[in-house]
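Colleague:
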Amino acid sequence: MPVIKARNIAWCRLRAPDLDVMEQFLTDFGLVRAERTETALYMRGTGPRPFIHVTEQGPAGFIGFAYEAESAADLEKVAQLPGASGIEDLEVPGGGRRVVLREPNGYQIEVVHGMGQVAPIAPEPLMRRSFDPSMRKGAARVVRLAHGVFATPDPRATLDWFHETLGFIKTDELWVGDKFVGGFYRVDAGEDPVDHHVIFCNRNERAGMHHVSFEVQDVNDVFFGHNHLKMAGRDYEHIRGISRHALGSQIFDYWMSPYDQMHEHWSSNERFNSDSAANDIQIAEGLQHEGGEKPSERFVKQSTP
Ligand SMILES: [Fe+2]
29 MPVIKARNIA
39 WCRLRAPDLD
49 VMEQFLTDFG
59 LVRAERTETA
69 LYMRGTGPRP
79 FIHVTEQGPA
89 GFIGFAYEAE
99 SAADLEKVAQ
109 LPGASGIEDL
119 EVPGGGRRVV
129 LREPNGYQIE
139 VVHGMGQVAP
149 IAPEPLMRRS
159 FDPSMRKGAA
169 RVVRLAHGVF
179 ATPDPRATLD
189 WFHETLGFIK
199 TDELWVGDKF
209 VGGFYRVDAG
219 EDPVDHHVIF
229 CNRNERAGMH
239 HVSFEVQDVN
249 DVFFGHNHLK
259 MAGRDYEHIR
269 GISRHALGSQ
279 IFDYWMSPYD
289 QMHEHWSSNE
299 RFNSDSAAND
309 IQIAEGLQHE
319 GGEKPSERFV
329 KQSTP
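The opening position of the sequence shown corresponds to residue 29 in this note's numbering, with each subsequent residue numbered one higher.
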């Protein structure tokens, strides 16, 4: 039995030396500033979470992900785990409390509960205005954080930890012959529908963050959001897309932040519950590239320590 069943991913926590540069990228990517302090930048989507992306000022890198516990009692359960912090008050927009854990690669996992919510931002309608040649120019409308992905030398140990600690369950596992190369695990919310995955672990010699993924309002946002990043005049590095993963029916587009942290725009209508089939997939068949484009070495080997 897992210690708890976490309900969702709450935020990613990254580091960057220049918060102005990071805020410009994230704004171009489609997030909205929630709060900025001297040492941290909090960005939100259009959804009700007070923020979904944190950047702390410091050397560029990856700190960890936060996941939401269903109850205060669940937070107390994880606080009892070996190496866990005590229950701490969060000094962030929305408040709440957290317990800090370390996953097997050493990254910080915050288990959080009791955050407030904010009024959602009504997505700007795709209306052609009197002065526009087309219905939309501008950034993608990012709604929420969807999943976080680890690069790790030991995807099995990492996924076992997330299963045993936070209750994530297998959706699809990837194999090359008898070598386990990675797994997509989702939230176990019983009969309630959830995404194809809340975490993916990709085998890599270097541990780190592979990417962090944000759901956008509509599949159109993936396209005009791509255009906006390309035309921003700030030389953002495009990594992969626009294309579609067979697994989870996800339409995707991947971009690097100016500090080598991969961010994904994502849209999918496929949903899963506790009855959905779990599959073992030989990678050649599971990762068919419906856009006809093989992922580059740069994409496959990506890891932000
Ligand atoms: Fe992704």
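By construction, the Cβ of each residue, glycine as well, lies at the ideal position given by its N, Cα and C atoms.
Using the beta carbon as the reference atom, which residues fall closer than 5 Å to any heavy atom of ligand 1, ordered along the chain?
Modeller: In chain order, the qualifying residues are Ser241 and Glu292.
Colleague: If you follow the alpha helix (DSSP H) that Met155 is in, where does it begin and where does it stop?
Modeller: Indexing the sequence shown from 1 puts residue 155 at position 127. Note, Met155: premise wrong, no alpha helix (DSSP H); not H, not E.
Colleague: With a threshold of 8 Å on Cβ separation, who are the neighbours of Ala112 within its own chain once the five nearest residues in sequence on each side are excluded?
Modeller: Position 84 of the sequence shown, counting from 1, holds the residue named residue 112. These residues qualify, in order along the chain: Val106, Val127, Val128 and Leu129.
Colleague: Within the same chain, show all residues whose beta-carbon is closer than 6 Å to that of Ile137, passing over the 5 residues directly before and after it, in chain order.
Modeller: Residue numbering aside, residue 137 sits at position 109 when the sequence shown is read from its first letter. Hits under 6 Å: Gly92, Leu129 and Glu131.
Colleague: Hey, quick one: how far does the beta strand (DSSP E) through Met290 stretch, first residue to last?
Modeller: Position 262 of the sequence shown holds residue 290. Met290 to Ser295 is the span of the beta strand (DSSP E), which, as asked, contains Met290.
Colleague: Quick check on Gln52: does DSSP put it in helix, strand or coil?
Modeller: Looking up residue 52 in the sequence shown gives position 24. Residue state, collapsed to three classes: helix.
Colleague: In this structure, does DSSP put Gly253 in helix, strand or coil?
Modeller: Start at 1 with the first residue of the sequence shown, and residue 253 comes out as number 225. In the structure shown, Gly253 sits in a helix (DSSP, three-state: H, G or I).
Colleague: Can you tell me the Cα-Cα spacing of Pro183 and Asn307, whole angstroms?
Modeller: Here residue 183 is taken as the residue at index 155 of the sequence shown, counted from 1. Here residue 307 is taken as the residue at index 279 of the sequence shown, counted from 1. Cα to Cα, Pro183 sits roughly 16 Å from Asn307.
Colleague: Can you tell me where the beta strand (DSSP E) with Phe93 in it begins and where it stops?
Modeller: If you number the sequence shown from 1, residue 93 lands on position 65. Element bounds for Phe93: Gly89 to Glu96.
Colleague: Output the distance between the C-alpha atoms of Ile267 and Thr74, rounded to the nearest integer angstrom.
Modeller: Position 239 of the sequence shown holds residue 267. Position 46 of the sequence shown holds residue 74. Their Cα atoms are separated by approximately 25 Å.
Colleague: Can you tell me whether DSSP reads Asp308 as helix, strand or coil?
Modeller: As a first step, residue 308 must be located in the sequence shown, where it is residue number 280. Note: Asp308 maps to strand in three-state DSSP.
Colleague: Report all residues from its chain with a CB closer than 7 Å to the CB of Leu187; omit the five preceding and five following residues, and keep chain order.
Modeller: Position 159 of the sequence shown, counting from 1, holds the residue named residue 187. Excluding sequence neighbours, Leu187 sits near Gly211, Tyr213 and Cys229.
Colleague: How should Ala147 be labelled, buried or exposed, when 16 other C-beta atoms within 10 angstroms of its C-beta is the threshold for buried?
Modeller: Mapped onto the sequence shown, residue 147 falls at position 119. So Ala147 counts as exposed.
Colleague: With distance defined between alpha-carbon atoms, name the residue in Ser324, Lys258 and Gln108 nearest to Val31.
Modeller: The residue you call residue 31 lines up with position 3 of the sequence shown. Ranking the options by Cα distance to Val31, first place goes to Gln108.
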